[in-house]
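Residue numbers (our numbering), protein chains in the order written: chain A, 1 to 444; chain B, 1001 to 1123.
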């Protein structure tokens, strides 16, 4: 087999298909349809010094000192300095893809340990080496369910992150997949309606735990009913919350995905983020992405290698499980170092602080006249409150007072215009929470 | 009567039912088989459709259907013991049974003698 399977015959077939005599002809024909790029809009070149000054000025416009209470899937947690120090080491920072175990034991061991920690957090038996981000991981989960069940209908609750649902929709719109979205409440991902929508054509049901509005729901019976209909159950989760909650693996989910940013990765506008995916043993071979395994070498010493590679695209080409074979090794490494730094007890403490501070914040906010509770008390560190006016406008006013007060739900849920989704992490102090309540009261 | 395809599947037809597997030659070429992905019962296939995937320590290969038909039975034992194909590729290591077949299609396949000659051309 030639390294690049693009022979003269292949080229001729392709040219005939698009009715072109040769490449020069193709180039001529295609140029007609390409508009002139508006090069006149591109400014004159700048020196290095000028570029740095300009970028510094632009960066200074960022509001970096806000007291942030925005979550909605991405959370402002403390990152120990050791995370940056270790991931910044050149052995990790510049390492390329670890196909050669003889040259990549450090990277491979890190991936193996990352997978082991993800398995312990999620309660699932198998984790991959990571994917791009929480949204693409959820898409890959959907495709995994479709491959396994060979059904093409997917039912998703609207209590799943609207950002992720937008990604599911965009990725699947040209794939002959029927994506059914079920309206949900704050306290209930519409379990009954989801079950009603499941048919013998349903590949999977996708929910979020805790849901997008922060609510923790019971899933065991729900998952049993999904399995009775031979569909798979998929959940997107928030890794830090799992230090306190029953892990999704014990609730009967078949595929668990998550945005892993909250584990040692900073909040970046658009990424890079970390896609977590863990599955049951039964689905292991249908799971996309790499898996690193532990083995022994010819001297009987422990070693690490990429395993189950025969399903990947460099071997199976178009029959590969997924053509997203990259992982986010550096982000996964940050998650690993973070988890190793805080330890099991430390992560529980982080989660307990988040939950206690969020409960305190909710209590203070609900004491304000005009602020009403939406939903019950079963939340981790994020909850919804009803404001007496447009939440987006109120958030705008609070920005001027130094607070990013929350995520106005009206942006994605038009009938929830006055509702604000508030997240509290261990980073927020009691004083900041009190100050938020005072500032909110003042602008209402 | 037993027939073979150029892709190294064997097929045995009895009472309008076809049992399908991979040949001993194919099993030996693949090496230790670690996983077999089976078709699903009631799957309709035509000649050349994928009936499953065999994963070994060396490669992952599709199993192609040598005949048109409907899957009526699968060899569930392979799920727990994929090595059965290495031990007994052409007996206990069968992959699935097809019904609803068209025996005329068997004419396009090789007899055991023809397959043995075909293998020599590959050496």
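All C-beta atoms in this analysis are idealised placements derived from N, C-alpha and C, irrespective of residue type, glycine included.
From a predicted model like this one, the values you see are computed outputs, not experimental measurements.
Run of the beta strand (DSSP E) containing residue i, from where it starts to where it stops
| i | result |
| --- | --- |
| residue 1002 of chain B | 1002-1004 |
| residue 99 of chain A | Neither: residue 99 of chain A is in no beta strand (DSSP E) and is coded neither H nor E. |
| residue 410 of chain A | It is not in any beta strand (DSSP E) - residue 410 of chain A carries neither H nor E in the DSSP assignment. |
| residue 1061 of chain B | 1060-1064 |
| residue 179 of chain A | 178-182 |
Cβ-heavy atom distance, residue i to the ligand PLP, below 6 Å
| i | result |
| --- | --- |
| residue 319 of chain A | Among the components modelled here there is no ligand, and therefore nothing to report on the ligand PLP. |
CB contact flag (residue i, residue j, <7 Å)
| i | j | result |
| --- | --- | --- |
| residue 351 of chain A | residue 69 of chain A | no |
| residue 260 of chain A | residue 276 of chain A | yes |
| residue 236 of chain A | residue 191 of chain A | no |
| residue 1139 of chain B | residue 1020 of chain B | Outside the modelled stretch of chain B, which goes from 1001 to 1123, sits residue 1139 of chain B, for which no answer is possible. |
| residue 274 of chain A | residue 328 of chain A | yes |
| residue 197 of chain A | residue 186 of chain A | no |
| residue 177 of chain A | residue 152 of chain A | yes |
| residue 124 of chain A | residue 256 of chain A | yes |
Endpoints, alpha helix (DSSP H) assigned at residue i
| i | result |
| --- | --- |
| residue 236 of chain A | It is not in any alpha helix (DSSP H) - residue 236 of chain A instead sits in the beta strand (DSSP E) that spans 232-237. |
| residue 92 of chain A | 90-93 |
| residue 273 of chain A | First-last for residue 273 of chain A: undefined, no H or E at that position. |
| residue 165 of chain A | 162-172 |
| residue 20 of chain A | Premise fails: residue 20 of chain A is in no alpha helix (DSSP H) and is neither H nor E. |
| residue 142 of chain A | 134-149 |
| residue 447 of chain A | Residue 447 of chain A lies beyond the residue range present for chain A, which begins at 1 and ends at 444; the question has no answer from this structure. |
Cβ neighbours of residue i in the same chain (closer than 6 Å, five flanking residues each side left out)
| i | result |
| --- | --- |
| residue 100 of chain A | none |
| residue 407 of chain A | 70, 72, 421 |
| residue 221 of chain A | none |
| residue 117 of chain A | 339 |
| residue 232 of chain A | 145, 204, 254 |
| residue 135 of chain A | 164, 167 |
| residue 1102 of chain B | 1068 |
| residue 149 of chain A | 203 |
| residue 63 of chain A | none |
| residue 243 of chain A | 347, 348, 351 |
Beta-carbon contacts of residue i that lie in its chain and below 8 Å, excluding the five residues immediately before and after
| i | result |
| --- | --- |
| residue 1 of chain A | Caution is warranted here: a pLDDT of 47 is assigned to residue 1 of chain A, below 50, making its placement in the model unreliable, and no coordinate value can be reported. |
| residue 430 of chain A | 357, 360 |
| residue 1041 of chain B | 1071, 1072, 1073, 1074 |
Integer Cβ distance of residue i from residue j, believed to fall under 8 Å
| i | j | result |
| --- | --- | --- |
| residue 1017 of chain B | residue 1054 of chain B | Actually they are not in contact, since the Cβ atoms of residue 1017 of chain B and residue 1054 of chain B sit about 22 Å apart, beyond 8 Å. |
| residue 119 of chain A | residue 278 of chain A | 6 Å |
| residue 346 of chain A | residue 444 of chain A | At roughly 38 Å, the Cβ-Cβ gap does not stay under 8 Å, so residue 346 of chain A and residue 444 of chain A are not in contact. |
| residue 142 of chain A | residue 121 of chain A | Not really, about 22 Å apart at Cβ, beyond 8 Å. |
| residue 104 of chain A | residue 332 of chain A | That belief does not hold up - the Cβ atoms of residue 104 of chain A and residue 332 of chain A are roughly 14 Å apart, past 8 Å. |
| residue 433 of chain A | residue 366 of chain A | In fact, because the Cβ distance is near 13 Å, the residues do not count as touching under 8 Å. |
| residue 398 of chain A | residue 114 of chain A | The Cβ separation is near 38 Å, so there is no contact. |
| residue 26 of chain A | residue 126 of chain A | About 46 Å separates the two Cβ atoms, so there is no contact after all. |
| residue 189 of chain A | residue 211 of chain A | 5 Å |
| residue 341 of chain A | residue 112 of chain A | Contact flag wrong, Cβ pair sits at about 18 Å. |
Beta-carbon proximity list for residue i, same chain, < 7 Å, skipping 5 on both sides
| i | result |
| --- | --- |
| residue 109 of chain A | 304 |
| residue 417 of chain A | 390, 391, 410 |
| residue 225 of chain A | 195 |
| residue 78 of chain A | 426, 427 |
| residue 76 of chain A | 68, 267, 425, 427 |
Using a Cβ distance threshold of 8 Å, determine whether the segment 1031-1047 of chain B contacts the segment 427-444 of chain A, with at least three qualifying pairs required. no
Looking at C-beta atoms only, is the number of pairs between the segment 1064-1074 of chain B and the segment 1041-1049 of chain B that lie closer than 8 Å three or more? yes
Inspect the CB distances between the segment 1079-1095 of chain B and the segment 1024-1032 of chain B and report whether three or more fall short of 8 Å. yes
Is there contact between the segment 242-253 of chain A and the segment 206-220 of chain A, where contact requires at least three CB pairs shorter than 8 Å? yes
Taking 8 Å as the cut-off, does the segment 152-163 of chain A touch the segment 280-288 of chain A (at least 3 CB pairs, one atom from each stretch)? no
Counting pairs of Cβ atoms below 8 Å between the segment 383-391 of chain A and the segment 48-60 of chain A, do you hit three or more? no
Decide yes or no for the touch test of the segment 367-379 of chain A against the segment 36-55 of chain A: beta carbon pairs closer than 8 Å, at least 3 of them. no
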